[in-house]
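So in numbering that gives the first Met the number 0, spot 14 of the sequence shown is number 13, and the numbers just go up one at a time. Glycine included, each C-beta is placed from N, C-alpha and C at the ideal position. Heads up: the structure comes next, in structure tokens.
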Amino acid sequence: MKRSLVIVGGGFAGQQACNALRRSGERIALIDPSPVAAMLPALPDLAGGWISEGLVQRSFREILPPNVEHVQAAVSAIDLDAGTLQAGEQTIAYDQLLIAAGSVPNFYDSPFPRDRMHALGSLDDARRIRRDFEEYLRDTDRPHLLVAGTGFTGLELAMSLFFRAKAAGKSCGVAIVDPTPVLLPSLPDKQRQYVLDFLTAQGAEVRLGVAVESFDGQNARAGGRTYENVFFCWAAGSKLAIPDIRGNVGRLRDGRLKTAPDLSLPNYPNVFAAGDSAAVERNGPPLRKAVNFAYYGGRRAGRNLLRRLRGRPTRPFRPVDLGWVVPFHETSIGRLPFGLWVRGRPGVRLHHLMCGLRNYSFANFAGFLKLAGKGKYA
Ligand SMILES: Cc1cc2nc3c(=O)[nH]c(=O)nc-3n(C[C@H](O)[C@H](O)[C@H](O)COP(=O)(O)OP(=O)(O)OC[C@H]3O[C@@H](n4cnc5c(N)ncnc54)[C@H](O)[C@@H]3O)c2cc1C
Numbered sequence: 000m001k002r003s004l005v006i007v008g009g010g011f012a013g014q015q016a017c018n019a020l021r022r023s024g025e026r027i028a029l030i031d032p033s034p035v036a037a038m039l040p041a042l043p044d045l046a047g048g049w050i051s052e053g054l055v056q057r058s059f060r061e062i063l064p065p066n067v068e069h070v071q072a073a074v075s076a077i078d079l080d081a082g083t084l085q086a087g088e089q090t091i092a093y094d095q096l097l098i099a100a101g102s103v104p105n106f107y108d109s110p111f112p113r114d115r116m117h118a119l120g121s122l123d124d125a126r127r128i129r130r131d132f133e134e135y136l137r138d139t140d141r142p143h144l145l146v147a148g149t150g151f152t153g154l155e156l157a158m159s160l161f162f163r164a165k166a167a168g169k170s171c172g173v174a175i176v177d178p179t180p181v182l183l184p185s186l187p188d189k190q191r192q193y194v195l196d197f198l199t200a201q202g203a204e205v206r207l208g209v210a211v212e213s214f215d216g217q218n219a220r221a222g223g224r225t226y227e228n229v230f231f232c233w234a235a236g237s238k239l240a241i242p243d244i245r246g247n248v249g250r251l252r253d254g255r256l257k258t259a260p261d262l263s264l265p266n267y268p269n270v271f272a273a274g275d276s277a278a279v280e281r282n283g284p285p286l287r288k289a290v291n292f293a294y295y296g297g298r299r300a301g302r303n304l305l306r307r308l309r310g311r312p313t314r315p316f317r318p319v320d321l322g323w324v325v326p327f328h329e330t331s332i333g334r335l336p337f338g339l340w341v342r343g344r345p346g347v348r349l350h351h352l353m354c355g356l357r358n359y360s361f362a363n364f365a366g367f368l369k370l371a372g373k374g375k376y377a
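As structure tokens, then:
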């Protein structure tokens with residue numbers, strides 16, 4: 000099958016590209032295995048049962064422009080030299096391609112039973128954690144969370160579940176371990192200490208330089224200590240969502256594709272990458288994985304796809320860092336423009352505001368606005 004314009008992935012980047020091409024007169028195929036677009040930053044809230052599922056998703060049918068056809072399939076391979084991709088059973092040839100499939104949790108070569116590990120990369124993951132944790136709390140007198148990975152996702156998830164247990168009247172142990180020696184390495188010492196103090200004040204045991212050595216589906220061992228009957232969460236890394244990309248393309252260790260300034264791949268001018276699929280390097284380390292870079296990168300990539308198609312020169316992506324806020328249930332840490340730091344409840348409000356503004360419908364926007372107004376969950 001031949002398609003002129005293909006977008007792989009309908010997250011923030013893919014949807015913005017679709018919107019940029021809305022009035023192009025081109026037919027676009029958006030390939031995504033999910034029937035809905037998901038608001039990933041709100042997944043820890045969903046996993047902890049603090050918000051309703053409706054707030055974090057919208058069906059593609061409702062939000063895609065009329066010139067975009069949603070092909071519900073997962074892309075398993077892309078052959079850049081042949082100009083083809085494998086989507087489910089279909090082999091599709093493309094003229095122009097945008098790779099915007101985001102990232103998925105990376106289990107590396109972990110030998111632990113996968114069905115007893117809880118990672119958080121998708122709506123399905125959040126649903127599963129919510130269901131399994133509720134069941135675990137019901138069946139367990141002395142619940143204990145073990146979280147591998149002290150990045151933002153691991154810490155957010157740990158706190159969301161910890162407070163869920165508290166709300167259920169259970170005293171829940173929390174151990175958060177990471178083989179690296181530093182918590183949240185992108186933060187300056189003072190801000191890192193703030194997060195650490197909050198976690199320890201809640202009774203969390205943060206063990207740096209410690210890896211999970213064994214996990215049999217129920218009991219785990221880490222740094223010489225045994226944790227019995229744990230609820231085990233895995234947040235130790237992520238990788239590109241498309242398993243097999245063949246061609247002469249530069250990659251980061253997590254699989255992200257190195258792009259030219261206009262977000263095309265250097266040896267393939269008809270192929271672009273944006274959002275978490277792209278390694279955008281501008282005189283420094285690659286941009287972090289974040290909603291705003293995906294949102295504006297997707298829009299730029301969409302416009303450049305059209306320019307390329309019309310034989311016009313493409314334009315560089317000029318990312319603007321609008322800062323970031325990461326919530327840890329009822330506190331937060333964040334950095335706003337002009338170097339301002341935000342902490343505590345104001346940051347939680349800002350996070351919910353962002354989840355509303357970048358959401359997919361007015362109803363979802365209004366729901367998060369209400370949450371931001373309250374400044375708390377219950
Ligand atoms: C738990 C969590 C919390 C986060 N919190 C924040 C935050 O607070 N602030 C912030 O700025 N960023 C946050 N992020 C990061 C942010 O969500 C991402 O940077 C952003 O979603 C990237 O957008 P994207 O469009 O590249 O990918 P995504 O939003 O991940 O969308 C990718 C799309 O591709 C589809 N897809 C996946 N695999 C395939 C495949 N094989 N074939 C076809 N389609 C596929 C998916 O179904 C999805 O629709 C968080 C991420 C997670 C996981």
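Handout entry: Where R113 falls: helix, strand or coil (DSSP)
Key = helix
Practice task
Could you say which of L321, H351, F327 lies nearest to F337 if we only look at CA atoms?
Solution key: L321
Handout entry: Secondary structure, alpha helix (DSSP H): runs of 4+ residues fully inside the region 221-279
Key = none
Problem - alpha helix (DSSP H) runs contained entirely in the region 79-157, provided each spans 4 or more residues - result: 122-138
Problem - A293 CB to nearest heavy atom of ligand 3 below 7 Å - result: Inclusion of ligand 3 in the displayed structure is not the case, the ligand content consisting of ligand 1 alone.
Handout entry: Of the residues F292, R334, C171, C354, the one placed nearest Y135, counting alpha carbons only
Key = C171
Practice task
Report the three-state DSSP secondary structure of T330 (helix, strand or coil).
Solution key: strand
Handout entry: R281 in three-state terms, based on DSSP
Key = coil
Practice task
Please check if any C-beta of chain D sits within less than 8 Å of the C-beta of K288.
Solution key: The structure shown contains no chain D; it holds only a single protein chain.
Handout entry: Sheet register partners of F214 (DSSP bridge)
Key = A219
Handout entry: Residue of A365, L45, R220, A28 minimising C-alpha distance to Y93
Key = A28
Problem - CB contact flag (F271, L84, <8 Å) - result: no
Handout entry: Any non-hydrogen atom of ligand 1 closer than 7 Å to A99 Cβ
Key = yes
Practice task
Any chance you could list the alpha helix (DSSP H) runs of at least 4 consecutive residues sitting entirely within the region 305-366, in chain order?
Solution key: 344-356
Exercise for the section: Return the first residue and the last residue of the beta strand (DSSP E) that G208 is part of. Expected result: First-last for G208: undefined, no H or E at that position.
Handout entry: Residue burial classification, P326 (beta-carbon count within 10 angstroms, cutoff 16)
Key = buried
Problem - Inter-residue Cα distance where the pair is L264 and K257 - result: 7 Å
Exercise for the section: Using a threshold of 8 Å, state whether the C-beta atoms of G236 and P112 are closer than that. Expected result: no
Exercise for the section: Give me the Cβ distance between M0 and I91, rounded to the nearest whole Å; I'm assuming they're in contact under 8 Å. Expected result: 5 Å
Handout entry: Segment limits, beta strand (DSSP E) that includes R57
Key = 56-58
Problem - Close beta carbons around V229, own chain, < 6 Å, minus the five adjacent residues each side - result: H143, L145, A219
Practice task
Measure the CB-CB distance between R57 and N363 and report whether it falls below 8 Å.
Solution key: yes
Practice task
Could you name the residues of the same chain whose beta carbon sits closer than 8 Å to that of A37, not counting the 5 residues immediately before and after it, in chain order?
Solution key: G10, V55, Q56, S121, L122
Handout entry: Spatial neighbours of P180 in its chain, beta-carbon cut-off 6 Å, leaving aside the 5 residues before and after
Key = L207, G208
Exercise for the section: Evaluate L370 with the Cβ neighbour count: other Cβ atoms within 10 Å of its Cβ, from every protein chain shown; 16 or more gives buried, anything less gives exposed. Expected result: buried
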